[in-house]
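Undergrad:
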Amino acid sequence: MDVEDAAVTTIVGLDDFRALDPFFRIIESGLDGIADDGHLFDLLADDVIFDYVITVPGYPRRVVGRSAVAELYRSYGDTFVLHRCFDLAVHHDGEAGVVVLEYASEGQVVVTGTGYANRYISVLTVVDSKVSRWRDYLDPIDVFEAAGWPPHA
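Be aware that the sequence shown starts at 8, since it is given in the numbering used here, and climbs by one per residue.
1) Alpha carbon to alpha carbon, what distance is there between Ile-128 and Val-118?
2) Judging by CA-CA distance, which residue of Ser-112, Gly-72 and Glu-78 is the nearest neighbour of Val-88?
3) Tell me whether the region 64–83 and the region 23–33 touch, counting them as touching only if at least three CB pairs, one residue from each stretch, are closer than 8 Å.
4) Evaluate the contact criterion for the region 32–44 versus the region 125–142: three or more CB pairs, one atom per stretch, below 8 Å.
5) Report the rounded CA-to-CA distance for Gly-104 versus Arg-142, giving the unit in angstroms.
6) Looking at the structure shown, is Asp-58 part of a helix, part of a strand, or coil, going by DSSP?
7) Which same chain residues end up closer than 6 Å to Arg-140 when comparing Cβ atoms and leaving out the 5 residues on each side of it in sequence?
8) Taking the alpha carbon of Ile-18 as the reference point, which residue from Val-130, Arg-81 and Gly-101 has its own alpha carbon closest?
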């Protein structure tokens with residue numbers, strides 16, 4: 008093992024992320040042949056930058072580092088569980104190292120059992136077979152409606 012391999016952060020407790028399994032699988036599928044193989048966290052550079060461009064109040068706008076991304080996603084299953092992700096479209100500019108993934112999800116809110124569905128666009132930059140930057144877009148109104156926010160009168 009060389010020094011670079013030793014510096015890679017390993018994410019432990021992958022069972023904590025089961026609520027996101029459909030998300031992981033669709034992203035891994037979209038990056039097949041473009042980035043390294045393995046779990047989504049293995050595809051991320053140690054110093055990856057995630058920008059949540061269109062998001063919801065209380066969610067961070069920027070997260071830096073593979074470990075920080077994992078910790079943000081670790082508690083996802085307390086709020087939402089995804090049943091499936093689908094409708095994947097992959098747009099790849101190999102020369103620029105940019106990958107645009109379009110996909111959809113369906114699941115439910117844990118506390119209420121209310122259905123949840125959303126559509127996403129993720130714009131990724133891949134350098135040396137690792138995702139170095141991720142810009143994420145979703146429909147916040149779908150999140151609000153599933154979570155019951157604001158409460159309906």
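Ideal Cβ positions, reconstructed from N, Cα and C, are used throughout, including at glycine.
TA: So, to answer that:
1) 27 Å
2) Ser-112
3) yes
4) Judged by pairs of C-beta atoms under 8 Å, the region 32–44 touches the region 125–142, as three or more such pairs exist.
5) 14 Å
6) strand
7) Ile-56 and Thr-132
8) Arg-81
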